[in-house]
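*Asks:* I'd like to ask you about the structure that follows.
There are 2 protein chains.
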Amino acid sequence: MTYQSDISGLMAALGDPTRRAIVEHLAGGASPVGEIAATLPVSRPAVSQHLKVLSDAGLVTAKPDGTRRIYTLRPDAIADLRAWCDGLWEDALQAFTAKALHVATIEKDVK
Amino acid sequence: MTYQSDISGLMAALGDPTRRAIVEHLAGGASPVGEIAATLPVSRPAVSQHLKVLSDAGLVTAKPDGTRRIYTLRPDAIADLRAWCDGLWEDALQAFTAKALHVATIEKDVK
DNA sequence: CGCTTTGGTAAGTCATTGCTAACCGTAAGT
DNA sequence: ACTTACGGTTAGCAATGACTTACCAAAGCG
Chain A
16 MTYQSDISGL MAALGDPTRR AIVEHLAGGA SPVGEIAATL PVSRPAVSQH
66 LKVLSDAGLV TAKPDGTRRI YTLRPDAIAD LRAWCDGLWE DALQAFTAKA
116 LHVATIEKDV K
Chain B
16 MTYQSDISGL MAALGDPTRR AIVEHLAGGA SPVGEIAATL PVSRPAVSQH
66 LKVLSDAGLV TAKPDGTRRI YTLRPDAIAD LRAWCDGLWE DALQAFTAKA
116 LHVATIEKDV K
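Quick note, the sequences are listed as chains A and B, same order.
Position 68, counted from 1, in the first sequence is what this note's numbering calls 83; the numbers after and before it change by one each time, with no gaps.
Position 50, counted from 1, in the second sequence is what this note's numbering calls 65; the numbers after and before it change by one each time, with no gaps.
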């Protein structure tokens, strides 16, 4: 019933379309900043700022490689996301079936 | 590899903490506007505005009941969310194992 | 017919934020 | 040491957005 994970940060980070594009890009494999920026219609500093937000949210991690920094998607964060979705789904389903059962009970009583 | 669903609207809507609270409330069962607003630290008009966003995103639907409007979570939207998460997960997993296989191949060649 | 309840809408305010341009630091190559 | 490549940081700006107050519409009740 409660969802007080750090989902707040995750969802806030994924609310931005550019950051979602970055995440989806990284889902295809780790990548340095420049390569990410090359696929996006925004400047490289903008990507850097987005990566900071994603990093703070725990969605990505960086590994220095010379002057480059290789960013990687963090599986744990995706797992948390899925868990939140699943929780929503199960609660909604339970509420729905509970209501259905309630209606059924009323109808039985009427009958 | 592509995620061109209407996930954009969904994620944007869920990026706001107040809207997430509304969604989580509705996961417990359908509810009129006033009841939702009573559980939140914001005014009722604010909730109305959030519900409009959620409705536009396809996350909720409203059913008039006298002067009240009963809002309900839309299962399809949650399913889309879960599908997006699962897609991310699978792509990331595939990219990871592909890299692992690549490394293994290299090591085999070396050997 | 008023009166109350419920809730959507409009206008305005204030904070947030996504972006660019400019700058700086660092690692490798010549 | 000079230069190039890569990328994080800052300052500043324009746009978005979340919120409140005030107002309006519709349905039920005396």
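Even glycine gets a Cβ: it sits at the ideal position worked out from N, Cα and C.
Given the structure is predicted, the values throughout are model-derived calculations rather than measurements.
1) Taking C-beta to C-beta, are R89 of chain A and V75 of chain A nearer than 8 Å?
2) Just reading off the beta strand (DSSP E) that T76 of chain A is part of, what are its end residues?
3) If we ignore side chains and look at the alpha-carbon of each, how far apart do L108 of chain A and L25 of chain B end up?
4) Quick one: measure Cβ to Cβ for I22 of chain B and D95 of chain B, integer angstroms, because I've assumed they're closer than 8 Å.
5) Is the CB-CB distance between A42 of chain B and D106 of chain A below 8 Å?
6) At a CB-CB cut-off below 8 Å, which residues of chain B make contact with I93 of chain A?
7) Going by DSSP in three states, R83 of chain A sits in which element: helix, strand or coil?
8) Helix, strand or coil: how does DSSP classify S46 of chain B here?
9) Going by the DSSP bridge assignment, what does T88 of chain A pair with across the sheet?
10) Which first and last residues belong to the alpha helix (DSSP H) in which S23 of chain B is found?
11) Consider the Cβ of R59 of chain A: report whether some Cβ of chain B lies at a distance smaller than 8 Å.
12) Between the region 55–73 of chain B and the region 51–58 of chain A, are three or more C-beta pairs nearer than 8 Å?
13) Thinking C-alpha only, which one of A:L103, A:A45, A:T82 is nearest A113 of chain B?
14) Hey, does P47 of chain B have any beta-carbon neighbour from chain A nearer than 8 Å?
15) At 9 Å on the CB atoms, spell out the chain B contacts of R97 of chain A, in chain order.
16) Does any CB atom of chain A fall closer than 8 Å to the CB of L29 of chain B?
17) Express the C-alpha separation of R34 of chain B and G73 of chain B in angstroms, rounding to a whole number.
18) Quick check on V125 of chain A - is its C-beta less than 8 Å from some C-beta in chain B?
19) Which residue's Cα is closest to the Cα of P47 of chain B: B:W99, B:A110, B:Y86?
20) Are the C-beta of G73 of chain A and some C-beta of chain B separated by less than 8 Å?
21) What number of angstroms, rounded off, separates the C-alpha of R97 of chain A from the C-alpha of I37 of chain B?
*Replies:* Short version:
1) Taking 8 Å as the Cβ cut-off, R89 of chain A and V75 of chain A qualify as a contacting pair.
2) Judged by DSSP secondary structure, T76 of chain A falls within the beta strand (DSSP E) whose first and last residues are 75–80.
3) Counting only the Cα atoms, L25 of chain B lies some 19 Å from L108 of chain A.
4) Confirmed, Cβ separation roughly 6 Å.
5) Closer than 8 Å, so yes.
6) Under a criterion of Cβ atoms nearer than 8 Å, the residues of chain B adjacent to I93 of chain A are, in order, C100, L103, W104, A107.
7) The DSSP-derived three-state label of R83 of chain A is strand.
8) When secondary structure is reduced to three states using DSSP, S46 of chain B falls in the strand class.
9) In the sequence as displayed, the identity of residue 88 of chain A is Leu instead of Thr. A:V75.
10) From DSSP, the alpha helix (DSSP H) with S23 of chain B extends over 22–29.
11) No, R59 of chain A does not count as interfacial toward chain B.
12) In the pairwise beta carbon analysis, the region 55–73 of chain B is classified as not touching the region 51–58 of chain A: fewer than three pairs are separated by under 8 Å.
13) When each option's Cα is compared against that of A113 of chain B, the closest is A:A45.
14) Output row for P47 of chain B: interface = no.
15) Residues of chain B with a Cβ closer than 9 Å to the Cβ of R97 of chain A are, in chain order, R97, C100, D101, L103, W104.
16) L29 of chain B counts as touching chain A.
17) If I take the Cα positions, the gap works out to 13 Å.
18) Caution is warranted here: a pLDDT of 44 is assigned to V125 of chain A, below 50, making its placement in the model unreliable, and no coordinate value can be reported.
19) Answer by Cα proximity: B:Y86.
20) With respect to chain B, the C-beta atom of G73 of chain A has no partner C-beta closer than 8 Å.
21) In a straight line, the C-alpha of R97 of chain A is about 19 Å away from that of I37 of chain B.
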